[in-house]
Every structure is written in C-alpha cells, then in structure tokens.
Amino acid sequence: MDEVTDDETASVVDTTAGSRDDIEPDDTPTAVLRPIGGDSDDAVDLPVKPAARRRVAAPRPPARESARTSTISLPTTALMAVCVVGLGGVGVAAVVLGMSDDEDAPAQPAPVNVAAASAGGQADSARAVGVAGDCAATASQVDIEADSSSLRGAVAAFETAYYSQDADGVMDTVAGGSGLSATDWDTVLPEAAPEGVSWCAVMQPESGPTVDIDLTVTDPDGDITTYPQTIRGEKTKTGSWQLVSVSARE
1 MDEVTDDETA SVVDTTAGSR DDIEPDDTPT AVLRPIGGDS DDAVDLPVKP AARRRVAAPR
61 PPARESARTS TISLPTTALM AVCVVGLGGV GVAAVVLGMS DDEDAPAQPA PVNVAAASAG
121 GQADSARAVG VAGDCAATAS QVDIEADSSS LRGAVAAFET AYYSQDADGV MDTVAGGSGL
181 SATDWDTVLP EAAPEGVSWC AVMQPESGPT VDIDLTVTDP DGDITTYPQT IRGEKTKTGS
241 WQLVSVSARE
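Each residue of the sequence shown is one higher than the one before, starting from 1 at the first, in full-length UniProt numbering.
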C-alpha cells in the first residue's frame, strides 16, 4: 500500500470537516493509519470525527404582542363591575347590567305639577256654585266645607253652628265689633233654629268680601222657606275669614 501523503491527509480532513458553522466540535479521538505491511514509523495519526451534529437552535418563544388597550363596544348591554375589597383582602364583585339599548324602557308617567293642579282645582271650585248643609251638590256644583279658609267656608261654618244651636260656635265665625258679635245667641237660637229643622245653603261664587246665598229651611212640619241673603265677611291678619253682616236680598 502506498504511503498516505500529507496532502492526501489534508484532503481527507477537509472533506470530513464540513461547514464550521454547522458542525459542533467535540473531543475528537485520533486513529492511527498504517500502510499494510508497513512499519510503525510510517503510521500517520488521523483525527477521527464523530458524526457531525447540527446545532439545533432552541425554539424561539413567540414574540409577545404589545399590550393593546381595546375598547369593547357594548351596544346592547352596559356592563359595570365594581370591586369592593373587604377585610382580609377578600374581594367582592358587584356586577350591574344596564338595560339594552334596543329594549324599550317602560313608559314613565308624565310629571304632574301638584301645585299647579291644586291651584287649578281651587280656582275651578271657587267659580262653581257651592252647597252646604242637608243637601248634596249636583254635577255642576261643589260641596263647601265648614271652615274659615274662604268666605263661603265661613258661611257654612256659621250656618252649621246656627242650626245646631251652638252659640259659642256661632261666635267663633263672626267678626268682633260687628252687629253679629253683639247678638245674644243663647237666647236667639232656640227659637230661630228649633230642633228638627233642616237647612241647605246654595252659594254663588264669592264677589270680593261678599257672597249671595239662597238659604232654604225646612221646619219639622215640612214647610219650606227660602231666604235670599247677601253675607259680608272680612279676612283677618291670620288669613281666616269671619262674617260681618247678614242682610236680606230681594
């Protein structure tokens, strides 16, 4: 066998070396190449390379997407989460769901102006014919309460006390210093308003400090008498009404 020259050895080495970038070197053992029948002095040490190992790059983790702030539109449902942190770091979440935009909200009653409605009702009542006593108002009339908030109310209070033979009640409804306050009602009432008498006062709307009424009296025998009257009153400093005079009207 011919001797292996240095050039041939270099050729072998270059052939097996491969790309330095792709081959990962390792602790490479050597082998002795001897020509057949040759002396040991003719032997040539050749490096024996193991099978080339490709350097496998570690899988590169996927690139993180940059954090993006996105606004999620909820056209049909509004969602609001409120977290309340309690004792011990325990969180309590309250979720409030709003009404869908495409759902019809329940119809709300129109706001009522109570003051305006009340004032309007009082004005209508003041313009209507009123009744008090032992009779009921018709559809076009209004019942007059016995109180001192209006002149007609003071008339109703006076007639109620009069036909109940309540002298003190009568005095409460008349103005001090008037002829009505000078009357001895304890003496007048038993005769003027005997027991068993019924009465009904139909009152026109007030005209300033006066009001026209038609007082119908039914005695115990059933006889009916109507007294047309004009009653004058005055409004006190406290806003209450009291009667000043009662006069017959033609």
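Each residue gets a CB set at the ideal place from its N, CA and C atoms; glycine is no exception.
Local conformation of residue i per DSSP, three classes
{"i": "residue 264", "result": "Nothing can be reported for residue 264, as the shown portion of the chain is limited to 1 through 250."}
{"i": "cysteine 83", "result": "Confidence in cysteine 83 is poor, its pLDDT being 36 and thus under 50, which makes the residue's placement unreliable; the coordinate value appears in the next sentence. It is a strand residue."}
{"i": "aspartate 221", "result": "coil"}
{"i": "aspartate 124", "result": "helix"}
{"i": "alanine 146", "result": "coil"}
{"i": "leucine 180", "result": "coil"}
Residue range of the beta strand (DSSP E) that includes residue i
{"i": "glutamate 159", "result": "From DSSP, glutamate 159 is part of no beta strand (DSSP E) but of the alpha helix (DSSP H) over 151-163."}
{"i": "aspartate 143", "result": "141-143"}
{"i": "serine 245", "result": "241-248"}
{"i": "proline 228", "result": "224-235"}
Own chain, CB closer than 6 Å to residue i, minus 5 neighbours either side, in chain order
{"i": "alanine 201", "result": "Ala132, Gly133, Glu159, Ile213 and Leu215"}
{"i": "threonine 225", "result": "Val217"}
{"i": "alanine 146", "result": "Ala156, Ala157 and Thr160"}
{"i": "aspartate 143", "result": "Ala137"}
Where the alpha helix (DSSP H) containing residue i begins and where it ends
{"i": "threonine 173", "result": "167-173"}
Neighbourhood of residue i by C-beta, 8 Å cutoff - its chain only, sequence neighbours within 5 removed
{"i": "glycine 196", "result": "Asp219 and Pro220"}
{"i": "glutamate 206", "result": "Ala126, Ser150, Leu151 and Arg152"}
Neighbourhood of residue i by C-beta distance below 7 Å, restricted to the same chain and skipping five residues each side
{"i": "alanine 154", "result": "Ser148, Thr173, Gly233, Trp241, Gln242 and Leu243"}
{"i": "glutamine 141", "result": "Ala128, Val129, Gly130 and Val131"}
{"i": "lysine 235", "result": "Trp241"}
{"i": "aspartate 184", "result": "none"}
{"i": "residue 266", "result": "Absent from the structure is residue 266, since the part of the chain shown begins at 1 and ends at 250."}
{"i": "aspartate 186", "result": "Ala167"}
{"i": "alanine 175", "result": "Ser181, Glu234, Gln242, Leu243 and Val244"}
Near the ligand GDP: residue i beta-carbon under 7 Å from a heavy atom
{"i": "glutamine 229", "result": "Summarising the ligand content, the structure contains no ligands, and the ligand GDP is consequently not present."}
Discussion item. Runs of 4 residues minimum, wholly inside the region 184-217: which ones carry the alpha helix (DSSP H) assignment?
Written reply: Scanning the region 184-217 from its first residue to its last, the whole alpha helix (DSSP H) runs of 4-plus residues come out as 185-192.
Worksheet item: If you pair each beta-carbon of the region 169-182 with each one of the region 237-246, do three or more pairs fall below 8 Å?
Response: A contact exists between the region 169-182 and the region 237-246.
Discussion item. Closer than 8 Å is the cut-off here; do at least three beta carbon pairs connect the region 185-196 with the region 163-170?
Written reply: A contact exists between the region 185-196 and the region 163-170.
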